[in-house]
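Chains as they are written, first to last, in full-length UniProt numbering: chain R, 1 to 211; chain X, 1 to 211. For glycine and all other residues, C-beta sits at the position ideal for the given N, C-alpha and C. Below: the structure, in structure tokens.
There are 2 protein chains.
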Amino acid sequence: MNECNQQVITIQALQRMPYYIQQLKILKENKVETVSAPRIAELLKLNEVQVRKDFAAVYTAKGKPKTGFPVTELLNNMEELLGYHNINEAVIVGSGSLARAIITDESLQNFGLEIVAAFDLNPADAESCGVKILASDKISNLCRRMKIHIGIITVPAAQAQVVCDQLVAGGILAVWNFTPVRLSVPEYILVRNENLAASFAILSNHLKKTL
Amino acid sequence: MNECNQQVITIQALQRMPYYIQQLKILKENKVETVSAPRIAELLKLNEVQVRKDFAAVYTAKGKPKTGFPVTELLNNMEELLGYHNINEAVIVGSGSLARAIITDESLQNFGLEIVAAFDLNPADAESCGVKILASDKISNLCRRMKIHIGIITVPAAQAQVVCDQLVAGGILAVWNFTPVRLSVPEYILVRNENLAASFAILSNHLKKTL
DNA sequence: TAGATTGTTAATCGATTAACAATC
DNA sequence: TAGATTGTTAATCGATTAACAATC
Chain R
1 MNECNQQVIT IQALQRMPYY IQQLKILKEN KVETVSAPRI AELLKLNEVQ VRKDFAAVYT
61 AKGKPKTGFP VTELLNNMEE LLGYHNINEA VIVGSGSLAR AIITDESLQN FGLEIVAAFD
121 LNPADAESCG VKILASDKIS NLCRRMKIHI GIITVPAAQA QVVCDQLVAG GILAVWNFTP
181 VRLSVPEYIL VRNENLAASF AILSNHLKKT L
Chain X
1 MNECNQQVIT IQALQRMPYY IQQLKILKEN KVETVSAPRI AELLKLNEVQ VRKDFAAVYT
61 AKGKPKTGFP VTELLNNMEE LLGYHNINEA VIVGSGSLAR AIITDESLQN FGLEIVAAFD
121 LNPADAESCG VKILASDKIS NLCRRMKIHI GIITVPAAQA QVVCDQLVAG GILAVWNFTP
181 VRLSVPEYIL VRNENLAASF AILSNHLKKT L
């Protein structure tokens, strides 16, 4: 849809976008019309130059010296970048408490995630999560039929690769992997690993050094 | 406790440890006694040199050319590094489905996380999570009394900073922040931000570029 | 005009990857 | 001995931070 008319945005910058968006929304609510990079940097405890670069990478116009950036326009450009305006439909496999947490997470809904179905090996046993739960063998069919492009995996580690293969067979393009397994996928597919244990390792090691 | 007798381990390397540990455990179960860096790299889809460097940073002895590393010893060194052997006690604030997911996550338990209490503004309303739920005003007291050093925050954004201040007052040293708020803390405290929206931004942007 | 803020170019930092000699 | 694998040093890559001229 949009060509390479914008500069490339780094993964790190992309991850800062939700923070900017959240902050800009607050400013907008408070009727603030323009904001400078140093001000945002101060509010979010980031480096001023970094904020300016991030804004420059996203904002279609140019900031005004002494004034800064128009809040609403900047916000729109950011939401555009993340596909906020065209909602991202996804399926989730697994229906434990983690799945429930993801399905009900408000901030994800704000960023355009819409979970259209959940799958479980035993749909009858599964907790209700506010989304209908289907048998896992229907994954590929449903994804293909509904043209879903995002698959979220929250099953036990042993089933992760099987589920992933089914999602790939269903035409998924991006996988959000909450299992500790390193998945094998064709290279055109993006896998984003979310590993709580990996994060916890950082905390744990810090304490060990400190105490 | 342990001085700077080991080389410094990067955050990135630290985050790979849980993957190594998981893989080494599998090898150990299969009675494999030694393993080489290239083999682990292959299994986990990592760069061979990176694995070797990570091992060198953790392993107290030296690997043997042509043979590799002894599985059990290497595993022990890694678990030692993460404080696996001395369990990490923590409290969690908030008692929604995310809290429940964290409390019941098996891989976190395997890595030594032990959640000793959960807090909620209205303990009566809160779902049972297998841990007793206390009123939020008891946070500081309990942390101090039980010498807890890790605080996990899963409350709504609006309460995040207040809760964080209470944890800090209770003597916490590391905060695991699941809210989208950038917390203000004294500089001796480590804050690890877990932001689902930030991760989702990466997936969303990838799809936007691809489709 | 003076001063705040911009955008850009250069320097720094941190992590990964490549190259290669040492060793079992 | 030959070959696989090690550890180390150097090159590369990516991201952050600093320096500074341009501009409203």
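Checklist entry - So, is the C-beta of R:Ser97 closer than 8 Å to a C-beta in chain X? => result yes
Item to check | Simplified DSSP state of X:Ile26, which is helix, strand or coil | outcome: helix
Checklist entry - Cβ of R:Thr60 less than 8 Å from any chain X Cβ? => result no
Next on the checklist: Check this for me: beta carbons of X:Gly94 and X:Ile153, under 8 Å apart or not?
Outcome noted: yes
Item to check | Neighbouring residues, chain R, relative to X:Gln15 (Cβ below 8 Å) | outcome: Asn195, Ala198, Ser199, Ala201, Ile202
Next on the checklist: Is X:Tyr20 close to chain R? Criterion is C-beta to C-beta, closer than 8 Å.
Outcome noted: no
Next on the checklist: Less than 8 Å between CB atoms is the rule here; does residue 220 of chain X satisfy it with respect to chain R?
Outcome noted: As shown, chain X starts at 1 and ends at 211. That puts residue 220 of chain X outside it, with no answer to give.
Item to check | Sequence-distant residues of its chain with Cβ nearer than 7 Å to R:Val181 (five each side left out) | outcome: Ala157, Ala160, Gln161
Next on the checklist: Quick check: the Cα distance between R:Leu78 and X:Thr72, rounded to an integer number of angstroms?
Outcome noted: Correcting the residue identity first, residue 78 of chain R is Met in this sequence and not Leu. Those two C-alpha atoms are separated by around 49 Å.
Checklist entry - Out of curiosity, what's the CA-to-CA distance linking X:Leu24 and X:Gln109? => result 17 Å
Next on the checklist: Counting only Cβ-Cβ distances shorter than 9 Å, please list the residues of the segment 81–111 of chain R near chain X, keeping chain order.
Outcome noted: Leu81, Leu82, Gly83, Tyr84, Asn86, Asn88, Ala90, Gly96, Ser97, Leu98, Ala99, Arg100, Ala101, Ile102, Ile103, Thr104, Asp105, Glu106, Ser107, Leu108, Asn110, Phe111
Checklist entry - Taking the runs of the alpha helix (DSSP H) that are 4 residues or longer, which of them lie wholly in the UniProt domain "CoA-binding" (83–182) of chain R? => result 97–104, 106–110, 139–146, 160–169
Checklist entry - For X:Leu183, which residues from the same chain have a beta carbon less than 7 Å from its beta carbon, with the 5 sequence-adjacent residues on both sides left out? => result Ala160, Gln161, Cys164, Val175, Asn177, Val191
Next on the checklist: If I follow the unbroken beta strand (DSSP E) through R:Val49, where does it start and stop?
Outcome noted: Not the beta strand (DSSP E): R:Val49 falls in the alpha helix (DSSP H), residues 48–58.
Item to check | R:Leu190 - DSSP class collapsed to helix/strand/coil | outcome: strand
Next on the checklist: Spatial neighbours of R:Lys138 within its chain, please: C-beta separation below 8 Å, excluding the five flanking residues on both sides.
Outcome noted: Phe119
Checklist entry - Hey, is R:Thr210's beta-carbon within less than 8 Å of any beta-carbon in chain X? => result yes
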